[in-house]
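Q:
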Amino acid sequence: MNITTKRWILGLGLGGLLPFVGCALATTVPAYQGVAQTVMLAYAAVILSFLGAVHWGLVMSSDNPHRPGLRLVFGVVPSLIGWAALLVGQFGDMSLGLGLAAIGFVATIIVERDWNRAGLLPPGYLNLRMLLSVLVCASLLIASLRGISL
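Each residue of the sequence shown is one higher than the one before, starting from 62 at the first, in my numbering.
(1) Can you check whether the CB of L201 is closer than 8 Å to the CB of A105?
(2) Cα separation between Q98 and L189?
(3) To the nearest angstrom, how far is it from the Cα of L71 to the Cα of V149?
(4) Skipping 5 residues on each side, what residues in its chain have a beta carbon closer than 7 Å to that of S140?
(5) Per DSSP, what kind of secondary structure is T66 in: helix, strand or coil?
(6) Could you check where the alpha helix (DSSP H) with P183 kicks off and where it finishes?
(7) Going by CA-CA distance only, name the one from I64, G180, A162, M62 that's closest to A204.
(8) Nearest to L157 by alpha carbon, out of H127, P126, L102, D124?
(9) Which of helix, strand or coil does DSSP assign to R174?
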């Protein structure tokens, strides 16, 4: 991968944090808290789906993928977690929905860490994902805590 592609990947990855960070900041303003949490949870569900799709792309682009069935099934799991989090947040408890989304990001990175050790991910992918996931989970945590009455 050339340096221009790496720059695009980093720039767009960091740019993808803007809705998370912006919504987390917006939850500190009482008048915007509810809508910011809803918008963040919807975005988290979309991004979890994107993360799963990455693994479908990796399997589909390989002539001889390692354990394709397992990896394709895993590719669907983040979407299901995101969907469940969205349902919980909209029809149950918003803080719980945001927390479930954060669990989805953590679970995904744990699986990806193991697959990276097995050489199944492109170089540099896990480092970028770790950085982005830490910031995403921090944003989700901030937003979820805003909805808890202490």
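Backbone N, C-alpha and C define an ideal beta-carbon position, used for all residues, glycine too.
Keep in mind the model is a prediction, meaning the values are calculated, not measured.
A: With the structure as the only source:
(1) Yes; because the gap between Cβ atoms is below 8 Å, this pair is in contact.
(2) Near 25 Å, if we compare the C-alpha coordinates of L189 and Q98.
(3) Between the alpha carbons of L71 and V149 lies a gap of roughly 32 Å.
(4) Hits under 7 Å: L109, S110, G113.
(5) Residue state for T66 is assigned as helix, using DSSP reduced to three classes.
(6) First-last for P183: undefined, no H or E at that position.
(7) If you compare the alpha carbons of I64, G180, A162, M62 with that of A204, the shortest gap goes to A162.
(8) Comparing Cα-Cα distances from L157 to each of H127, P126, L102, D124, the minimum goes to L102.
(9) Helix at R174.
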